[in-house]
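Per the numbering used here, residue 50 is the first one in the sequence shown, and the count goes up by one each step.
Right, one structure below, let's go through it.
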Amino acid sequence: MSGPTTTGGAVTEGPAAERDAAPLLEVTDLRVRFTRGGRTVHAVNGLSYRLMAGRMLAIIGESGSGKSVSSRALMGLLPPTAQVSGSARFDGTELVGLSEREMRRRRGADIAMVFQDPARSLNPTMRIGAQITEAIRAHAAVDKDAAKARAIELLQLVKLPAPQQRFHEYPHQLSGGMRQRVMIAIALAGRPRLLIADEATTALDVTTQAQIMELLVELQQQLGMAVILISHDLALAASYADDVVVMYGGRAVERASADVLFSSVRMPYTRALLGAIPLLERPSHGELPVVPGQPPDPAALPSGCSFRPRCGSATDRCATPPPFAEHEPGHWWACWHPDGQQSAQEVRG
Ligand SMILES: Nc1ncnc2c1ncn2[C@@H]1O[C@H](COP(=O)(O)OP(=O)(O)O)[C@@H](O)[C@H]1O
Ligand SMILES: [Mg+2]
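As structure tokens, this is what we get:
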């Protein structure tokens, strides 16, 4: 377990429960930038969080806030134009700067990822079974029969109906939800200790979305696996995750357990996201309510707090970047003008 870490100028330390055990993943001041045609895109700008083994962490934020880039950085899945700095320790091993060879060995075995679009992630010309057994044999020296048995086991684990029969089918013969189950089975082939689900349910209808979320929670508990759930949907994520990190402009701006966050929203941006809870959750007026204004341009981030141009509480003070610090036990935020105690219930009113 490392000592206090310095984030954005403030000396900060994890909440009491986290001090007792070493985190499975500790991300500290992670930065990613891309240089493109003379412009520098600051995609991730000093992201810090911790994830304990077996927990589910939601990383939330609008499109472009750096959720995918920060997670792909952990797996060495960024293009060569990306410059990554800072630290991401997985079970004691530093992932930033790891050789491609070592990264390839660990990918899928330590950390595996499931993406939004299973139609594009699966090979349309290959049967489901062949794709899973290929993943199994990439991680373990097993013969064809053993790989098949394990594949069927994985398909049962992700609750794909009629796995024996589906094994021989092609992706187009499956529904969107079933394809996402197959993608999860492939991700589980290397027995990862961390599964990153990047908008894994976003393309699905509401009912299927809930079923896949429940499956992820079950797998987390059954396998003792940690899960990072990446989503733009704070309400969805917070109802399944243990902990929540809210990202804005490539940084964490609020972080707490889902319970604490929902009973006491502090950051005006988080409150705005809650106000943007769409459909079902609030009386529909047809249009999806969104946070007013534009997210920051990562090639031209405003000085100071990057939410300042959209924030109703902003003052001159916000020209100085607010430190991301643990202001209350287990509750971190980066804001000079946090809201008072206000529960999610009141916000949604
Ligand atoms: N390969 C790349 N080259 C340049 N910019 C990129 C690249 N990949 C992502 N970005 C930029 O990084 C920022 C963060 O992207 P991303 O992490 O995908 O956001 P999201 O939170 O929606 O997942 C965006 O502004 C995006 O345009
Ligand atoms: Mg993304």
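In this text, a Cβ means the ideal position worked out from N, Cα and C, and glycines have one as well.
In the assembly as shown, residue 148 is an exposed residue. Its beta-carbon has fewer than 16 other beta-carbons within 10 Å. When secondary structure is reduced to three states using DSSP, residue 364 falls in the coil class, being assigned neither helix nor strand. For the options 84, 78, 224 and 378, the alpha carbon positioned closest to that of residue 134 is the one of 78.
Across the structure, residue 75 and residue 101 are spaced so that their CA atoms are roughly 9 Å apart. Not one heavy atom of ligand 2 lies closer than 6 Å to the C-beta of residue 114.
In the three-state reduction of the DSSP assignment, residue 262 falls in the helix class. Note that the C-beta distance between residue 314 and residue 107 is not below 7 Å.
If you ignore the 5 residues before and after residue 347, its C-beta comes within less than 6 Å of the C-beta of 90, 91 and 92, all in its own chain and listed in chain order. For the 7 Å CB-CB criterion, residue 319 and residue 340 do not form a contact.
For residue 357 and residue 349, the gap between their C-alpha atoms comes out near 14 Å.
In the three-state reduction of the DSSP assignment, residue 127 falls in the coil class, being assigned neither a helical nor a strand state. For residue 311, the enclosing alpha helix (DSSP H) stretches over residues 307-312.
With contacts defined as CB atoms closer than 7 Å, residue 385 and residue 371 qualify as a contacting pair.
Assignment of beta-bridge partners to residue 94 by DSSP yields 80.
Residue 187 has its alpha-carbon roughly 29 Å from the corresponding atom of residue 280. In the DSSP assignment, residue 159 falls outside any alpha helix (DSSP H), carrying neither H nor E. Per the C-alpha coordinates, the member of 71, 377 and 257 positioned closest to residue 141 is 71. Under the 8 Å Cβ criterion, the region 214-221 does not count as touching the region 235-252, having fewer than three qualifying pairs. In the DSSP assignment, residue 288 falls within the unbroken alpha helix (DSSP H) covering 283-289. Taking 7 Å as the cut-off, the Cβ atoms of residue 95 and residue 82 do not count as close. Distance from the Cα of residue 374 is smallest, within the candidate group 304, 361, 182 and 192, for 304.
For a cut-off of 8 Å, the C-beta gap from residue 114 to residue 297 is around 6 Å, short enough to register as a contact. Using a Cβ distance threshold of 7 Å, residue 238 and residue 201 do not count as a contacting pair. With a beta-carbon spacing of about 13 Å, residue 105 and residue 308 fall beyond the 8 Å limit used to define contacts. Across the set 360, 317, 173 and 282, the C-alpha of 282 shows the shortest separation from the C-alpha of residue 116. Counting every other CB atom within 10 Å of its CB across the protein chains shown gives residue 182 a total of 16 or more, marking it as buried. Annotation: residue 208 to residue 266 spans about 13 Å, alpha carbon to alpha carbon. Separation of the CB atoms of residue 122 and residue 137 is rounded to 7 Å, and the pair is thereby assigned contact status at 8 Å. Distance from the CA of residue 190 to the CA of residue 143, rounded to the nearest whole angstrom, comes to 27 Å. Within the chosen limit of 6 Å, ligand 1 does not reach the beta carbon of residue 216 with any heavy atom. Taking 7 Å as the cut-off, the Cβ atoms of residue 317 and residue 360 count as close.
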